[in-house]
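In full-length UniProt numbering, the protein residues as written are 1 to 116.
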Amino acid sequence: MFSQAVHSLRVESEGDGERERERARKGMTMNVEEEVGRLKEEMQRLGQLQPDGSYKVKFGVLFNDDRCANIFEALVGTLRAAKRRKVVKYEGELLLQGVHDNVEITLLPPAASTTD
Numbered sequence: 001m002f003s004q005a006v007h008s009l010r011v012e013s014e015g016d017g018e019r020e021r022e023r024a025r026k027g028m029t030m031n032v033e034e035e036v037g038r039l040k041e042e043m044q045r046l047g048q049l050q051p052d053g054s055y056k057v058k059f060g061v062l063f064n065d066d067r068c069a070n071i072f073e074a075l076v077g078t079l080r081a082a083k084r085r086k087v088v089k090y091e092g093e094l095l096l097q098g099v100h101d102n103v104e105i106t107l108l109p110p111a112a113s114t115t116d
């Protein structure tokens with residue numbers, strides 16, 4: 001009887017852990033989406049509007065902006081997530097302060113970011 005109770009508790013706690021991990025995973029996804037949305041806003045604020053509806057901003061401008069520094073805990077990670085979602089495009093994989101300050105980041109226009 002005791003071993004059944006222990007087994008039951010173990011199964012319940014494992015199930016609870018799985019539910020917690022799933023909630024955390026969904027929460028992380030929502031946080032990434034929120035960060036990408038904020039990145040879009042900041043790129044529109046700091047960037048130059050292009051004739052095709054895109055915005056262009058240099059990495060150094062984003063990285064050194066005080067407001068962006070306060071918003072983004074990991075700007076490079078947010079940029080990579082946005083690139084994977086085809087919201088932005090830029091050359092290379094990893095952008096580093098100083099070395100890549102002049103790399104141009106393009107915020108794709110809404111139609112281009114959803115169809116590419």
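Heads up, the beta-carbon is just placed ideally off N, CA and C, and yes, glycines get one too.
What residue does the beta strand (DSSP E) around residue i start on, and which one ends it?
i   : result
L95 : From DSSP, L95 is part of no beta strand (DSSP E); its letter is neither H nor E.
From this set, the options, which residue's C-alpha is nearest residue i's C-alpha?
i   : options             : result
V76 : K56, M43, E33, Q97  : Q97
A82 : Q50, D66, G60, P110 : P110
K40 : E93, N64, V87       : V87
Using the C-alpha atoms, what's the distance from residue j back to residue i?
i   : j    : result
R80 : I105 : 11 Å
E33 : R84  : 12 Å
V6  : Y55  : In this predicted model, V6 has a pLDDT of only 45, less than 50, meaning its place in the structure is not dependable enough to derive any value.
N31 : G37  : 10 Å
L95 : G60  : 10 Å
L9  : D101 : Unreliable placement is indicated for L9, whose pLDDT of 46 sits below 50; no coordinate value is reported for it.
Give every residue of the same chain whose Cβ lies closer than 6 Å to the Cβ of residue i, excluding the five residues on either side of it in the sequence, and list them in chain order.
i   : result
C68 : E42, L62
E35 : T78
F72 : T78
Q48 : K56
Note the first and the last residue of the continuous alpha helix (DSSP H) segment covering residue i.
i    : result
K58  : From DSSP, K58 is part of no alpha helix (DSSP H) but of the beta strand (DSSP E) over 55-58.
L107 : Looking at the DSSP string, L107 is not in any alpha helix (DSSP H); the run it does join, the beta strand (DSSP E), is 104-107.
A69  : 66-71
Residues in its own chain within less than 7 Å of residue i by CB, not counting five upstream and five downstream?
i   : result
E91 : V103
Q50 : K56
G53 : P109
L46 : V57, V61, L62, D65
Would you verify that the beta carbon of residue i is, or is not, closer than 7 Å to some beta carbon of chain B?
i   : result
L62 : Within the model displayed, chain B is absent; a lone protein chain is all it includes.
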